[in-house]
DNA sequence: GTCTATAACGTGATAGAC
DNA sequence: GTCTATCACGTTATAGAC
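Protein chains in written order, with this note's numbering: chain A, 1270 to 1472; chain B, 1270 to 1472.
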């Protein structure tokens, strides 16, 4: 492993592009070789098989996907409001760099939940987070109406992630182009915390 | 075409089950035949090809998916608040009957957006809806803070649909079982309208 | 390390008997 | 209409020359 443009790295980057866009089953190793401008045989030389190459890509994606949440939810220095702001900001920035990552992850996890999720300690990372603890305290103090933190998490992640998943549909509905879509996502970094705070306390 | 348990119908139902779960590319015609308890050759006898069978399934799914929104968004008898309530109620009920339909549609649309969406007049149905008209009026009257109806639609649909898409992850995080998950979704039929109304008017 | 050629396999589809 | 047997093809993976 030397420069970023080594053959091995080129194949990995190409694999990321194609797998993200089409998923494991619809991807042909030829697509990856073409995207990487390498000979097909080199793919197997470096990674043994399509499956092994895919495993590397999906684990890296899952790790970054979960870590981006984890870091925020377990930050001892921030309160709940700050966590909402940080999550919206960091997560939207993260996804804007790789807009296809949410759909990629969610569809591949669907195809293979137990296999993929046991590779990462998702449960410990999220369920025992400082975020959940702070949520519980806020509920006890009457600052939050809905006591179930799962609703809170679904709402927050839904507001952040859903537009990226629904992007193809949304672009068809309003024939939106990608630059305009990205602008909407930039707006949401500021809007989502406002909305979520309004949702928190209802009569 | 006679009873619902005719061979043809059995194959279609099996195809729906398998395609919903695995998507087009990962599905083998043998999987469908097995699920339907029929001989593999019968699939081609009735539907000519895997692609033709798939087209039937996806168009049916898309039609129902869009129609469920369309009916609500174009109802002249209801105001904006009532549309929010109706959408949460109808859509969650609809998806609870076929929980895999959102992921199925979103991933297949990703693979083939132009081809699939030109088959349905999604744009006219949504973009020119009474819902958007009522939203515009409410903005002019100062009843809604955020003027862009796309944000409104993304939020509403995200709150409704996202939990179903993220279900495998959520179940891993809190090792939730399906009955408990469904209970959460029932709760959301009432909670989402409350949340959305709170989001609408912010300072 | 990289290439060409090809083997090995899985899958969609059909021929033809019943 | 339904079955068994098989073809035809595309794709993954490897052998072997360079």
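The beta carbon of each residue, even a glycine, is placed where N, CA and C say it ideally should be.
Computed from a predicted model, the values in this text were never measured in an experiment.
Cβ neighbours of residue i in the same chain (closer than 8 angstroms, five flanking residues each side left out)
| i | result |
| --- | --- |
| residue 1464 of chain B | 1428 |
| residue 1286 of chain B | 1304 |
| residue 1405 of chain A | 1418 |
| residue 1437 of chain A | none |
| residue 1466 of chain A | 1350, 1353 |
| residue 1439 of chain A | 1432, 1445, 1450 |
| residue 1468 of chain B | 1424 |
Residue-chain proximity (residue i, chain A), Cβ-Cβ < 8 angstroms
| i | result |
| --- | --- |
| residue 1432 of chain B | yes |
| residue 1380 of chain B | yes |
| residue 1427 of chain B | yes |
| residue 1357 of chain B | no |
| residue 1365 of chain B | no |
| residue 1311 of chain B | no |
| residue 1287 of chain B | no |
| residue 1392 of chain B | yes |
| residue 1322 of chain B | no |
| residue 1437 of chain B | yes |
| residue 1372 of chain B | yes |
| residue 1306 of chain B | no |
Alpha-carbon to alpha-carbon, residue j and residue i
| i | j | result |
| --- | --- | --- |
| residue 1275 of chain B | residue 1281 of chain B | 10 angstroms |
| residue 1277 of chain A | residue 1380 of chain B | 27 angstroms |
| residue 1441 of chain A | residue 1324 of chain A | 33 angstroms |
| residue 1290 of chain B | residue 1410 of chain B | 45 angstroms |
| residue 1368 of chain B | residue 1385 of chain A | 21 angstroms |
| residue 1283 of chain A | residue 1301 of chain A | 6 angstroms |
| residue 1319 of chain A | residue 1389 of chain A | 21 angstroms |
| residue 1455 of chain B | residue 1298 of chain A | 44 angstroms |
| residue 1445 of chain A | residue 1328 of chain B | 23 angstroms |
| residue 1296 of chain B | residue 1335 of chain A | 29 angstroms |
| residue 1471 of chain A | residue 1470 of chain B | 13 angstroms |
| residue 1339 of chain A | residue 1414 of chain B | 32 angstroms |
| residue 1402 of chain A | residue 1449 of chain B | 22 angstroms |
| residue 1382 of chain A | residue 1431 of chain B | 17 angstroms |
| residue 1452 of chain A | residue 1366 of chain A | 13 angstroms |
| residue 1434 of chain A | residue 1332 of chain B | 19 angstroms |
| residue 1361 of chain B | residue 1458 of chain B | 7 angstroms |
| residue 1330 of chain B | residue 1387 of chain B | 15 angstroms |
| residue 1372 of chain B | residue 1279 of chain A | 31 angstroms |
| residue 1392 of chain A | residue 1412 of chain A | 26 angstroms |
Min CB distance residue i to chain B below 8 angstroms
| i | result |
| --- | --- |
| residue 1444 of chain A | yes |
| residue 1447 of chain A | no |
| residue 1292 of chain A | yes |
| residue 1453 of chain A | yes |
| residue 1284 of chain A | no |
| residue 1463 of chain A | yes |
| residue 1395 of chain A | yes |
| residue 1386 of chain A | yes |
| residue 1419 of chain A | yes |
Contacting residues, own chain, Cβ-Cβ under 7 angstroms from residue i (five flanking each side not counted)
| i | result |
| --- | --- |
| residue 1293 of chain A | 1323, 1377 |
| residue 1345 of chain A | 1399 |
| residue 1342 of chain A | 1352, 1395, 1398, 1399, 1400 |
| residue 1374 of chain B | 1330, 1331, 1334 |
| residue 1363 of chain B | 1337 |
6 angstroms CB neighbourhood of residue i in its chain, flanking five on each side removed
| i | result |
| --- | --- |
| residue 1316 of chain B | 1322 |
| residue 1461 of chain A | 1357, 1428 |
| residue 1443 of chain A | none |
| residue 1326 of chain B | 1284, 1285, 1288 |
Proximity test, residue i beta-carbon vs the ligand NAD heavy atom, cut-off 7 angstroms
| i | result |
| --- | --- |
| residue 1440 of chain B | Within the structure as shown, the ligand NAD is missing, as the structure has no ligands at all. |
Quiz item: Can we say the segment 1312-1320 of chain B touches the segment 1306-1316 of chain A, given the rule of at least three CB pairs closer than 8 angstroms?
Solution: Cβ pair count under 8 angstroms is below three, so no.
Quiz item: Would you call the segment 1349-1365 of chain A and the segment 1423-1437 of chain A in contact, with 3 or more CB pairs under 8 angstroms?
Solution: With the cut-off at 8 angstroms, the segment 1349-1365 of chain A and the segment 1423-1437 of chain A touch.
Quiz item: Quick one: any contact between the segment 1412-1419 of chain B and the segment 1339-1355 of chain A, if contact means 3 or more CB pairs under 8 angstroms?
Solution: The segment 1412-1419 of chain B is not in contact with the segment 1339-1355 of chain A.
Quiz prompt | Runs of beta strand (DSSP E) lying entirely within the segment 1370-1449 of chain B, each at least 3 residues, in chain order | solution = Runs of the beta strand (DSSP E) inside the segment 1370-1449 of chain B: none found.
Self-check item: beta strand (DSSP E) runs contained entirely in the segment 1307-1349 of chain A, provided each spans 3 or more residues
Solution: Every candidate beta strand (DSSP E) stretch fails here, since none sits fully inside the segment 1307-1349 of chain A while reaching 3 residues.
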